[in-house]
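Just below is one structure, and these are the notes that go with it.
There are 2 protein chains.
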Amino acid sequence: MRLYHDPRAPNPRRVRMYLAEKGLLDGLELVEVSIAANAHQTPEFLETTPLGLIPVLQLDDGRTLRESMAICRYFEELHPTPPMFGATAWDRAQVEQWGRHAELEVLFPVAQVFRNSHAFWLGRIKQAPEFAEIMRDLLAQRLRWLDHELGTRRYLAGDTFSIADQTLLAAIDFAKVSGIRLGDDTRNLKRWHAEVSERPSSRA
Amino acid sequence: MRLYHDPRAPNPRRVRMYLAEKGLLDGLELVEVSIAANAHQTPEFLETTPLGLIPVLQLDDGRTLRESMAICRYFEELHPTPPMFGATAWDRAQVEQWGRHAELEVLFPVAQVFRNSHAFWLGRIKQAPEFAEIMRDLLAQRLRWLDHELGTRRYLAGDTFSIADQTLLAAIDFAKVSGIRLGDDTRNLKRWHAEVSERPSSRA
Numbered sequence: 028m029r030l031y032h033d034p035r036a037p038n039p040r041r042v043r044m045y046l047a048e049k050g051l052l053d054g055l056e057l058v059e060v061s062i063a064a065n066a067h068q069t070p071e072f073l074e075t076t077p078l079g080l081i082p083v084l085q086l087d088d089g090r091t092l093r094e095s096m097a098i099c100r101y102f103e104e105l106h107p108t109p110p111m112f113g114a115t116a117w118d119r120a121q122v123e124q125w126g127r128h129a130e131l132e133v134l135f136p137v138a139q140v141f142r143n144s145h146a147f148w149l150g151r152i153k154q155a156p157e158f159a160e161i162m163r164d165l166l167a168q169r170l171r172w173l174d175h176e177l178g179t180r181r182y183l184a185g186d187t188f189s190i191a192d193q194t195l196l197a198a199i200d201f202a203k204v205s206g207i208r209l210g211d212d213t214r215n216l217k218r219w220h221a222e223v224s225e226r227p228s229s230r231a
Numbered sequence: 028m029r030l031y032h033d034p035r036a037p038n039p040r041r042v043r044m045y046l047a048e049k050g051l052l053d054g055l056e057l058v059e060v061s062i063a064a065n066a067h068q069t070p071e072f073l074e075t076t077p078l079g080l081i082p083v084l085q086l087d088d089g090r091t092l093r094e095s096m097a098i099c100r101y102f103e104e105l106h107p108t109p110p111m112f113g114a115t116a117w118d119r120a121q122v123e124q125w126g127r128h129a130e131l132e133v134l135f136p137v138a139q140v141f142r143n144s145h146a147f148w149l150g151r152i153k154q155a156p157e158f159a160e161i162m163r164d165l166l167a168q169r170l171r172w173l174d175h176e177l178g179t180r181r182y183l184a185g186d187t188f189s190i191a192d193q194t195l196l197a198a199i200d201f202a203k204v205s206g207i208r209l210g211d212d213t214r215n216l217k218r219w220h221a222e223v224s225e226r227p228s229s230r231a
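Protein chains in written order, with my numbering: chain B, 28 to 231; chain H, 28 to 231.
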């Protein structure tokens, strides 16, 4: 199987980290698609995936699967141990809730700050700097909220490391590109960040 | 169990439609939380759910579950038949992929057009009308893409009705609030919309 990815983008990174945590990364062929070089918008690549979104998984029979969480969930079905989406029905509901919070309340504003205010996109897409500022403010609130949450437990969804932590890690690390860093007012979040960053899978 | 919802918002609607399709809606106590009346931001409600996001599921023992898809997936585990998230590993991957496309490529821009340009939010949140225009343009592209896709099959994720269709239906219907309607250039999408709208669950 083949994984089309960009080493610098947060969505491919959370898929690579997931696969590394499961011990599956070495079994895949990684194919780099550079967003900076516009390689995700070539006619050839758009035949693989119509919107040019990455990552994309390509099975050996040619079928493709898009969307980070669809890819991870598919591998989770094929290789359920160790569970990264929760071990019981309620745990899985919690992982899904916190994974979506990490995505919609953190990764999403981080991505919108980047798209709407970073020089990387200047002249490539239409930007709305005013929206980037709104997202920066939202993000500061959301990080304080997560800091409070992480004062009550070890990992985002409970006492067990999960895909929700990997989404949050990918989001927070990618925020640095836009000059957003964890401040001293988020000590619990920094404790969590240091701990999850030490996992070998976090280097994937 | 109790479901906090707003009858006019798209996220609670997709949860209600899911529960109706599974025959579970009548077993829940529905509690209306009016966003228009700011009932989602009262201190009492924020004790139930810290960000004031709806819908929220409250179990009989008081535990709460947030996020539409976490709520639907939890019910899917308790009541797996008929499957609304796919019947095989590959089907489930497809439903997840298309459900996320419906959410991120349609419901998300629809929500951002509403938040950033509609009079409903004027004076209640900071708006970025320029971003609303960017999202309107994106949405028009995405609807043409989905129109092309729905020329090849009956439902969004294949031949079987799924949660992905319900997310897309909630998004498209909510777009009307911002004056966005399916045009004559999206005949396949209109065929699909007419068909899924006829299901009794779509009135939930």
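Cβ coordinates follow ideal geometry from the N, Cα and C atoms, glycine included.
Every value quoted in this text rests on a predicted model; they were computed, and no experiment measured them.
Item, Value
"Glutamine 168 of chain H in three-state terms, based on DSSP", "helix"
"Exposed unless 16 or more other CB atoms sit within 10 angstroms - verdict on lysine 203 of chain B", "exposed"
"Bounding residues of the beta strand (DSSP E) (the contiguous stretch that carries glutamate 132 of chain B)", "Unbroken run through glutamate 132 of chain B: none, as it is neither H nor E."
"Residue-level contact to chain H via CB, phenylalanine 158 of chain B, 9 Å cutoff", "yes"
"Cβ of histidine 67 of chain H within 9 Å of any chain B Cβ", "no"
"Chain-ordered chain H contacts of tryptophan 148 of chain B [CB-CB under 7 Å]", "Neighbours of tryptophan 148 of chain B on chain H: none; closest Cβ ~12 Å, over 7 Å."
"Against chain D: residues of the stretch 121 to 137 of chain H by CB proximity under 9 Å", "Absent here is chain D; the protein component of the structure consists of chains B and H."
"Contact with chain B by aspartate 164 of chain H, beta-carbon distance below 9 Å", "yes"
"Buried or exposed by the 16-neighbour rule on C-beta atoms within 10 Å, applied to serine 229 of chain B", "buried"
"Among H:Asp87, H:Glu132, H:Arg119, H:Asn38, the one whose alpha carbon lies nearest that of glycine 185 of chain H", "H:Arg119"
"Distance between beta carbons of leucine 84 of chain H and leucine 92 of chain H, contact taken as under 8 Å", "4 Å"
"Proximity to arginine 214 of chain H [Cα-Cα], best of H:Trp172, H:Ser189, H:Thr194", "H:Trp172"
"Proximity test, Cβ basis, 9 Å: isoleucine 161 of chain H and chain B", "yes"
"Valine 83 of chain H: first and last residue of the uninterrupted beta strand (DSSP E) it sits in", "83 to 85"
"Euclidean distance between Cα positions of leucine 46 of chain B and leucine 52 of chain B", "5 Å"
"Sufficient close CB pairs (3 or more, under 8 Å) joining the stretch 207 to 223 of chain H to the stretch 152 to 161 of chain H", "no"
"Counterpart residues of glutamate 56 of chain B in DSSP-defined beta bridges", "B:Arg29"
"Three-pair Cβ contact test at 8 Å for the stretch 194 to 209 of chain B versus the stretch 35 to 42 of chain B", "yes"
"Sequence-distant residues of the same chain with beta carbon closer than 8 Å to tryptophan 148 of chain B, five excluded per side", "Phe141, Arg142, Gln154"
"Beta-carbon neighbours of tyrosine 31 of chain H, restricted to chain B and to distances below 9 Å", "Within chain B, no residue comes near tyrosine 31 of chain H; the closest Cβ sits about 14 Å away, beyond 9 Å."
"Any 3 or more C-beta pairs closer than 8 Å across the stretch 87 to 103 of chain B and the stretch 121 to 136 of chain H", "yes"
"Status (buried if at least 16 other CB within 10 Å, exposed otherwise) for serine 189 of chain B", "buried"
"Simplified DSSP assignment, three categories, for glycine 126 of chain B", "helix"
"Arginine 93 of chain H - containing beta strand (DSSP E), residue span", "91 to 93"
"Under 7 Å from the C-beta of tyrosine 101 of chain H: neighbouring residues of chain B", "Ala116, Ala120"
"Contacts of tryptophan 172 of chain B in chain H (Cβ-Cβ under 8 Å)", "Pro77, Leu78"
"Contacts that lysine 153 of chain B makes with chain H (C-beta to C-beta distance below 7 Å)", "Ile161"
"Selection from H:Thr187, H:Trp219, H:Arg29 that minimises the alpha carbon distance to leucine 88 of chain H", "Reading off the sequence, residue 88 of chain H comes out as aspartate, not leucine. Out of H:Thr187, H:Trp219, H:Arg29, H:Arg29 has the C-alpha closest to the C-alpha of aspartate 88 of chain H."
"Neighbour flag for alanine 97 of chain B against chain H, beta carbons, 9 Å", "yes"
"Partners in chain B for arginine 93 of chain H, counting only beta-carbon separations shorter than 8 Å", "Gln124, His128"
"Cα-Cα separation between histidine 145 of chain H and valine 60 of chain H, rounded to whole angstroms", "20 Å"
"Alanine 138 of chain B to glutamate 132 of chain B span [Cα, whole Å]", "11 Å"
"Top-ranked residue by Cα proximity to isoleucine 62 of chain H, from H:Glu104, H:Leu78, H:Gly113", "H:Leu78"
"Same chain only: Cβ atoms within 7 Å of histidine 67 of chain B, ignoring 5 sequence neighbours per side", "Val60, Gly79, Ile81"
"8 Å contact criterion, which threonine 194 of chain B and arginine 41 of chain B should meet: CB distance rounded", "5 Å"
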